[in-house]
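Chemist: Each step along the sequence shown adds one to the number in the numbering used here, with nothing skipped, and position 5 is 334. Beta carbons: idealized from backbone N, C-alpha and C, even for Gly. In this text, all values refer to a predicted model and were calculated from it rather than measured experimentally.
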Amino acid sequence: MAPDRRWKPVLLFLLLLALFPAIASVATWMRGEAMAFWDWLGVLAFPLLAWLWLRYFSILGCRESCLPPDRERK
């Protein structure tokens, strides 16, 4: 069952809302700075969030749902 396409922008917004702070947490971790509990949650969540973005929203992982509407009808 394919997800409803009209929810895709909302899901992308919510994903990016979590992914951007996680990227900042990973950068803090890589610099070796002291981190708070929330930063550690961002570091732990980063692989999953990055995989979700790559699989469902990036041009690298997007398949049928990224086709133009006229190509879907064929």
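Under 8 Å, Cβ to Cβ, is there at least one residue of chain B near L389?
Modeler: Reference to chain B is not applicable here, since this structure consists of a single protein chain.
Chemist: In whole angstroms, what separates the C-alpha of L345 from that of E362?
Modeler: One C-alpha to the other measures close to 24 Å.
Chemist: Mapping DSSP to helix, strand and coil, what is S354?
Modeler: Correct three-state label for S354: helix.
Chemist: When you compare only the Cα positions, how much space is there between R360 and W336?
Modeler: Looking at the two C-alpha atoms, the distance is approximately 37 Å.
Chemist: Whose C-beta lies closer than 7 Å to the C-beta of L381 among residues of the same chain, with five residues either side of it excluded?
Modeler: Hits under 7 Å: L344.
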